[in-house]
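One structure below.
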Amino acid sequence: MAELGLVGDGPNSYQIWLGGTPNQTQLARSFMDKVKVQDLENVFEPLFYYWKQKRQPKESFGDFTARIGFEKLKELVDKWEGVVQTPPARYNLKLFADKETYEAMDELAKLQNKSAHQLAIEVIRNFVASQQNGKSE
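Residue numbers for the sequence shown, in my numbering: 554 to 690.
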């Protein structure tokens, strides 16, 4: 019944069972045998990562593993090299200004062939840099 089960099959070794569903319409099946305790994370990390990335709305882990199939899941585990951490290309910062300030910023930006957003980022960068260098304006 379990979506994920561990059954000891030797010293520091486990069988991993997957595919059971919360509503008990499908029983778990043996996914991998003789997985050493130190290797459990290497198996579970890709499984949980792909479940998070590829599951359907409200899909349980057991339903996901049944839908994808053990062959594909084993392939994902075998090829797993970890999550590649890429920094976001940019961060979101919302600024609110009174009408006069916005219009002045927009006018100045147009004179410089920039958007008000581009000019605001430039002004903020310059201000932060001056503060970090000990120059207060």
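Where is the CB? At the ideal position from N, CA and C, for every residue including glycine.
Report buried or exposed for residue i, applying the criterion of at least 16 other Cβ atoms within 10 angstroms of its Cβ.
i, result
"D616", "buried"
"A682", "exposed"
"A619", "buried"
"V588", "buried"
"Y644", "exposed"
"F584", "buried"
Considering only residues of the same chain and omitting the five flanking positions on each side of residue i, which have a CB-CB separation below 8 Å?
i, result
"A581", "M554, A555, E556, L557, G558, W570, L571, G572, G573 and G615"
"K607", "F617 and I621"
Counting only the same chain and skipping the five closest in sequence on each side, list residues whose C-beta sits under 7 Å from that of residue i.
i, result
"L672", "M658, L661, A662 and Q665"
"V560", "Y567, Q568 and W570"
"D586", "D562 and Q568"
Using alpha carbons as the reference points, say which of the options lies closest to residue i.
i, options, result
"E634", "Y655, N679, P575 and F597", "F597"
"F564", "F680, F584, S583 and V590", "In the sequence under discussion, the amino acid at residue 564 is Pro, which differs from the Phe named in the question. Comparing Cα-Cα distances from P564 to each of F680, F584, S583 and V590, the minimum goes to V590."
"Q579", "K607, V560, S613 and G561", "S613"
"P575", "K611, D651, N595 and Y655", "K611"
"R652", "I677, A669 and Q685", "One detail in the question is off: residue 652 reads as Lys in this sequence, not Arg. That would be A669, whose Cα lies nearest to the Cα of K652."
"K647", "I677, F584 and M585", "I677"
Notebook entry, point to check: Counting Cβ pairs closer than 8 Å, one from the stretch 598-606 and one from the stretch 625-632, do we hit at least three?
Noted result: With the cut-off at 8 Å, the stretch 598-606 and the stretch 625-632 touch.
Note to self: Ignoring anything shorter than 3 residues, give me the beta strand (DSSP E) runs that lie fully in the stretch 641-689, in order along the chain.
What the structure shows: Counting only runs of 3 or more, we get nothing.
Check: Whole alpha helix (DSSP H) runs in the stretch 578-616 with 4 or more residues, listed along the chain?
Finding: Under the rule that a run must span 4 or more residues, the alpha helix (DSSP H) segments found entirely inside the stretch 578-616 read 593-607.
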